[in-house]
Amino acid sequence: MSDPSILETLRSLEFFQGIEDKHLEQFAGVARLCDFPAHHEIFHEHDAAEDVYIIVDGSVSLVICEPGVGCRQLMQVEAGGLVGWSPLVGRHRLSDTARTITPTKAIAINGEKTIALCHEDPEFGCEFMHRTAIALAERLSATRLQLMSMSGFQLPDAQIESD
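Given below as structure tokens:
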């Protein structure tokens, strides 16, 4: 049995627009609502990857840290964004740290149970993973732009072949 407030929240998120209610009801059964205060660490880089979070309201900073280099913010994720995606793609450890910037409401979804739902109903699974892939592509693009801004936009003096 799913929590009606979770179901209503899922219905309100752009990520789930167009997904049938029967699927949202199943999804709500493996989800929980979370409220985090500002400056709270939702998860830490290299922790076990268990839950995926969809931000309902608030802002979350994604940060990576390297010894000898320090910590860098990769990006800021707003309402509707997906964080902690690692368990959806078979990764057992998280690749960054998520810290709230403002008070944040999120839906936490157990990654293992979500994958099981996707296998039980391949049509839903395909649609859910398609939406996840779009979110990851946007994340990759944002990271690429940040890398370019850090290293400069000037190309080296080299002959580049075009496609």
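In this note's numbering, each number is its position in the sequence shown, counted from 1, plus 1369.
All C-beta atoms, glycine included, are put in the ideal place defined by N, C-alpha and C.
Every value quoted in this text rests on a predicted model; they were computed, and no experiment measured them.
- About 6 Å separates the beta carbons of F1384 and I1423, which is inside the 8 Å limit, making them a contact pair.
- Contact check for H1408 against T1466 fails: the beta carbons are separated by 8 Å or more.
- Between the segment 1482 to 1497 and the segment 1435 to 1444, the count of Cβ pairs shorter than 8 Å is below three; the stretches do not touch.
- Per DSSP, reduced to three states, the secondary structure at V1458 is helical.
- With respect to the 8 Å criterion, T1378 and V1425 are classified as neighbours on the basis of their beta carbons.
- In the DSSP assignment, F1396 falls within the alpha helix (DSSP H) that extends over D1390 to A1397.
- Comparing C-alpha distances from T1471 to each of G1427, L1516, E1481 and V1452 shows the shortest one belongs to G1427.
- For L1402, the enclosing beta strand (DSSP E) covers residues A1400 to F1405.
- Beyond the five residues adjoining it in sequence on each side, A1477 comes within less than 6 Å, by CB distance, of R1401, C1403, D1420 and Y1422 in the same chain, given in chain order.
- Excluding its 5 nearest sequence neighbours in each direction, Q1386 has no C-beta neighbour in its own chain below 8 Å.
- Taking a C-beta distance under 8 Å as the contact criterion, A1418 and R1460 qualify as a contact pair.
- Judged by DSSP in its simplified three-state form, S1381 adopts helix.
- Non-local C-beta neighbours of L1457 in its own chain, meaning closer than 8 Å and more than five positions away in sequence, comprise V1421, G1480, T1483, I1484, M1498 and T1501, ordered along the chain.
- About 6 Å separates the beta carbon of L1376 from that of E1394, a gap short enough to meet the 8 Å contact definition.
- Taking the C-beta atoms as reference points, L1451 is found nearer than 8 Å to A1504.
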